[in-house]
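There are 2 protein chains.
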Amino acid sequence: MSRPTISDVARAAGVTKATVSHAYSGHRPISAATKARVFAAADALRWVPSSSARALAARRANAIGVVLRRDPAILASDTFFPAFIAGVEQTLAEREVALVLQVVGSRGAEERAYQAMAAGRADGVVVLDLHRADWRVPFLAGLGLPAVLLGAYEGETRLSCVRTDDAAPVRDLVAHLRERGHTRIAHVAGPLDYVHSYARARAYVRAVGSRALLREGDFTAGSGRALTADLLALRDRPTAILFANDTMAIAGTSYAQSRGLRVPEDLAVAGFDDDHLSAHLSPPLTSVSTDPARRGRVATARLLADVAGDDPRDVAVDCTALRLRASTDAPAPATARRTTPAPELEEEFR
Amino acid sequence: MSRPTISDVARAAGVTKATVSHAYSGHRPISAATKARVFAAADALRWVPSSSARALAARRANAIGVVLRRDPAILASDTFFPAFIAGVEQTLAEREVALVLQVVGSRGAEERAYQAMAAGRADGVVVLDLHRADWRVPFLAGLGLPAVLLGAYEGETRLSCVRTDDAAPVRDLVAHLRERGHTRIAHVAGPLDYVHSYARARAYVRAVGSRALLREGDFTAGSGRALTADLLALRDRPTAILFANDTMAIAGTSYAQSRGLRVPEDLAVAGFDDDHLSAHLSPPLTSVSTDPARRGRVATARLLADVAGDDPRDVAVDCTALRLRASTDAPAPATARRTTPAPELEEEFR
DNA sequence: ATGAAAGCGCTAACAG
DNA sequence: CTGTTAGCGCTTTCAT
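Residue numbers (this note's numbering), protein chains in the order written: chain F, 1 to 350; chain P, 1001 to 1350.
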């Protein structure tokens, strides 16, 4: 025996399919009495509406999509993603909307994934890992698929955008280090074509007035270690390093310690994203919490509004918070007081 | 103008819908010439088949589901989940199957989620966080929804199951510590109603011959810290602690260090799951890598086979590997040589 | 407040 | 090898 359909329920309740449908959707008034009969019948038959039939008829998937183009290895070590998804699901859980996730390996596969979403898999998508010039922005607009961009997109677009101020915490971190006497503060950034990496790097360059001690990593432990080695080999080595995420910061710390440097006495270290382990390290790692779950909730709520027909709009989320911990809590070593060359700001970061 | 349908493509190519459909599905032979015309027409019209229409007609969603019942905070700090998902997506990417994810907060919501999956959202599900007596096993069997259980389920079931030997690495770890002279080895377990926590705890109890130094945590840093404090306050404190995951191990290490104990000289510490940061800590943390991505691939392949009509079956994945690092690499402190009370094995763990 | 009926866009017999 | 024709199980006008 196969699963019951809406017709079975209608027959059992002595009404038509339309009545059953409306009893559930509330799209038109149904008397309390028949509504009760309908629900009772549905209950007795253990009827659950077919989501594919509903999607086809109503032209709405009751699902939103996320497509990620990432190396699985990087996905696996990402602290942002699961927390973000948790937030997405939190606001999804209240409505009966599902999340469709697709991880792809190539540009072609990514396009197909978005097309499939537009072709009925999902009613809208949230776009992560936003690039400064992101082809997906015009592409999605062309598909007519509701979308919200996560990150401070600077280009032209009519898509909704959930913005975060990544610059403020970087400025605060630099100020915090300056107060302790640091003058040679380095930054190990993430890939600079990401809007958030770029925003952090730009804030850093503006705050310190030079990009001499800026290095571009890729968020992996390996690059954190390598670039720390690079920086510490400098003639005037930095006395403080700001990393664009905690993974790189932790790898960098461990490298520095293996070279006999004490953290924070000889080298101050700060991360970004506030990994759940960071408060438990030795020394505890100064970081910036960015509340990915909250951004997930906000982005999802915004997307649901877009899907419901609202006009796209920008929303700013104030979700960063400094977590000052022991890894930056010592006076800068005496050598830090040496003068540094006059800052020269390059055009790109103005 | 709305998106083109299969009829538009058929008309443009001078064939019928059936031909278009079969040209894509390969469910029956189509001459190369017409196939080419069909593809050309589809291309020109930018036709993408509607997944909801396809799902309804073919009774197949081309999606698999995962429903998770978790506190978002725990999801966010879980190292297993993203890696597992990455593996799932790796094998999904090759076929054109999507992943539908639903995170729920209550038993009722969980049942509804599985029912929705069975009602057309997904063709099958993979079941995580398996409990020793898991209501979902009979429930899913009742729904007739293909499912694969991740973990060594010991009950009766006809569902596929992807098993891992969690006991062997625990035994090896205990042996490794004994070689270094440890006699008081503790274990901070995960919740014992999970099959994998239980398997690890049981292997530990069998290896050390006593459950006097067994504590039940909940995989969070907080519980790792609290239970470490508890163990270290014992009159005959343990000289080594095995934690059921790295998060608890790291929190425990940091607590021990804050109390003036050196790791590994005064206290040896090992984790489980091999978090990506663990090799970068000071000292690097001994752990057990469990290759969640591989298990994701295997479970997904198995599920796809079930969906395709194969008989359910058990598959064993040999995916654990000891990562011996500095946190366990020192001779046990002299005090470890004191005799310990005679082991008494409790019934439950036989 | 309820019924009747026409699709939504595709797949899969059934013919030829 | 290709065309015809029913549905898949809902939603949603249009009636009444």
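By construction, the Cβ of each residue, glycine as well, lies at the ideal position given by its N, Cα and C atoms. All values derive from a computational prediction rather than experimental measurement.
Note to self: Quick check on the DSSP output: the beta strand (DSSP E) that includes Leu1304(P) runs from which residue to which?
What the structure shows: Here residue 1304(P) refers to the residue found at position 304 when the second sequence is read from its first residue. Run containing Leu1304(P): none in the beta strand (DSSP E); it sits in the alpha helix (DSSP H), 1292 to 1307.
Notebook entry, point to check: Are Ser160(F) and Asp306(F) close, meaning C-beta to C-beta below 7 Å?
Noted result: What you label residue 160(F) is simply residue 160 of the first sequence in a count that begins at 1. What you label residue 306(F) is simply residue 306 of the first sequence in a count that begins at 1. Yes. Within cutoff.
Next item on the list: Could you check which residue in Tyr153(F), Ala233(F), Arg180(F), His280(F) has the C-alpha nearest to that of Arg1225(P)?
Entry: Looking up residue 1225(P) in the second sequence gives position 225. For Arg1225(P), the nearest C-alpha among the options comes from His280(F).
Checklist line | Residues of its chain near Pro191(F), where Cβ-Cβ distance is below 7 Å and the 5 sequence neighbours each way are ignored | finding: Translated into positions along the first sequence, residue 191(F) becomes position 191. Excluding positions up to five away in sequence, the list reads Ser197, Glu216, Asp218.
Checklist line | Whole-angstrom distance between Leu1232(P) and Asp1274(P), CA atom to CA atom | finding: For the purposes of this step, residue 1274(P) is taken as residue 274 along the second sequence, with counting starting at 1. For the purposes of this step, residue 1232(P) is taken as residue 232 along the second sequence, with counting starting at 1. Each residue's Cα considered, the two are about 24 Å apart.
Note to self: So if DSSP puts Cys1161(P) in a beta bridge, which residue, or which two residues, is it bridged to?
What the structure shows: Translated into the one-based positions of the second sequence, residue 1161(P) becomes position 161. Its beta-bridge partners are Leu1149(P), Asp1314(P).
Notebook entry, point to check: Does Leu277(F) come within less than 7 Å of chain P when only Cβ atoms are used?
Noted result: For this step, residue 277(F) is matched to residue 277 along the first sequence. So, interface residue.
Item checked: Extent of the continuous alpha helix (DSSP H) run through Leu1045(P) -> By one-based count along the second sequence, residue 1045(P) stands at place 45. Residues 1032 to 1045.
Margin query: Please confirm whether Leu1140(P) has its beta-carbon closer than 7 Å to some beta-carbon of chain F.
Written below: By one-based count along the second sequence, residue 1140(P) stands at place 140. False, the Cβ-Cβ gap to chain F never drops below 7 Å.
Margin query: Judging by CA-CA distance, which residue of Gly124(F), Tyr204(F), Gly155(F) is the nearest neighbour of His131(F)?
Written below: One-based indexing of the first sequence puts residue 131(F) at position 131. Comparing Cα-Cα distances from His131(F) to each of Gly124(F), Tyr204(F), Gly155(F), the minimum goes to Gly155(F).
Checklist line | Spatial distance of Arg326(F) from Gly144(F) (CA atoms) | finding: As a first step, residue 326(F) must be located in the first sequence, where it is residue number 326. As a first step, residue 144(F) must be located in the first sequence, where it is residue number 144. For clarity, residue 326(F) is Ala in the given sequence; the question names Arg instead. Going by the C-alpha atoms only, they are around 49 Å apart.
Item checked: Cα-Cα separation between Pro1072(P) and Gly65(F), rounded to whole angstroms -> Against the second sequence, residue 1072(P) aligns to sequence position 72. Against the first sequence, residue 65(F) aligns to sequence position 65. Pro1072(P) and Gly65(F): Cα-Cα distance of roughly 19 Å.
Notebook entry, point to check: When DSSP labels each residue in this structure, what does Leu267(F) get in the three-state scheme?
Noted result: Walking along the first sequence from the start, residue 267(F) turns up at place 267. Correct three-state label for Leu267(F): coil.
Margin query: Does any residue of chain F have a CB that is nearer than 7 Å to the CB of Glu1089(P)?
Written below: Here residue 1089(P) refers to the residue found at position 89 of the second sequence. Output row for Glu1089(P): interface = yes.
Notebook entry, point to check: When the Cα of Thr1228(P) is compared with those of Gly1209(P), Asp1311(P), Asp1329(P), Leu1267(P), which residue comes out closest?
Noted result: If you number the second sequence from 1, residue 1228(P) lands on position 228. When only C-alpha atoms are compared, the closest one is Leu1267(P).
Margin query: Measuring alpha carbon to alpha carbon, tell me which residue in Thr286(F), Gly222(F), Leu285(F) is nearest Tyr255(F).
Written below: Translated into positions along the first sequence, residue 255(F) becomes position 255. That would be Gly222(F), whose Cα lies nearest to the Cα of Tyr255(F).
Margin query: Distance check for Arg1028(P) and Thr1005(P), CA to CA, integer angstroms please.
Written below: The residue you call residue 1005(P) lines up with position 5 of the second sequence. The residue you call residue 1028(P) lines up with position 28 of the second sequence. Looking at the two C-alpha atoms, the distance is approximately 21 Å.
Next item on the list: Verify whether the separation of the beta carbon atoms of Pro146(F) and Thr239(F) is less than 7 Å.
Entry: Reading the first sequence from its first residue, position 146 is the one you call residue 146(F). Reading the first sequence from its first residue, position 239 is the one you call residue 239(F). Not closer than 7 Å, so no.
Note to self: Once the 5 residues before and after Pro1312(P) are set aside, which same chain residues still bring their CB inside 7 Å of it?
What the structure shows: Mapped onto the second sequence, residue 1312(P) falls at position 312. Contacts found: Arg1158, Leu1159, Ser1160, Asp1306.
Item checked: Pairwise C-alpha distance: Ala167(F) and Thr320(F) -> Against the first sequence, residue 320(F) aligns to sequence position 320. Against the first sequence, residue 167(F) aligns to sequence position 167. C-alpha separation (whole angstroms): 10 Å.
Check: With 7 Å set as the bound, which would you pick, yes or no: does the beta-carbon of Ile1250(P) sit closer than that to a beta-carbon of chain F?
Finding: As a first step, residue 1250(P) is located in the second sequence; it is residue number 250 there, counting from the start. By this cut-off, Ile1250(P) is an interface position.
Item checked: Through-space distance from Phe1084(P) to Ala83(F), alpha-carbon basis -> Start at 1 with the first residue of the first sequence, and residue 83(F) comes out as number 83. Start at 1 with the first residue of the second sequence, and residue 1084(P) comes out as number 84. One C-alpha to the other measures close to 15 Å.
Margin query: Please state the DSSP three-state secondary structure of Leu130(F).
Written below: The residue you call residue 130(F) lines up with position 130 of the first sequence. Leu130(F): coil per DSSP, three-state reduction.
Notebook entry, point to check: From the beta carbon of Ala342(F), is the nearest beta carbon of chain P less than 7 Å away?
Noted result: The residue given as residue 342(F) occupies position 342 in the first sequence. Confidence in Ala342(F) is poor, its pLDDT being 49 and thus under 50, which makes the residue's placement unreliable; the coordinate value appears in the next sentence. Taking Cβ atoms only, chain P never reaches closer than 7 Å to Ala342(F), which makes this a no.
Item checked: Within chain F, the residues that Phe1081(P) reaches when beta carbons sit closer than 8 Å -> Here residue 1081(P) refers to the residue found at position 81 of the second sequence. Correct list: Pro82.
Check: Just reading off the alpha helix (DSSP H) that Leu143(F) is part of, what are its end residues?
Finding: Residue mapping note: residue 143(F) aligns to position 143 of the first sequence, counting from 1. Looking at the DSSP string, the run of the alpha helix (DSSP H) that includes Leu143(F) is 136 to 143.
Next item on the list: Can you tell me which of Thr286(F), Arg59(F), Ala76(F) puts its alpha carbon nearest to the alpha carbon of Asp172(F)?
Entry: For the purposes of this step, residue 172(F) is taken as the residue at position 172 of the first sequence. Nearest of Thr286(F), Arg59(F), Ala76(F) to Asp172(F), Cα basis: Thr286(F).
Margin query: Please list the terminal residues of the continuous alpha helix (DSSP H) segment that includes Gly358(F).
Written below: What is shown of chain F runs 1 to 350, which leaves residue 358(F) out entirely.
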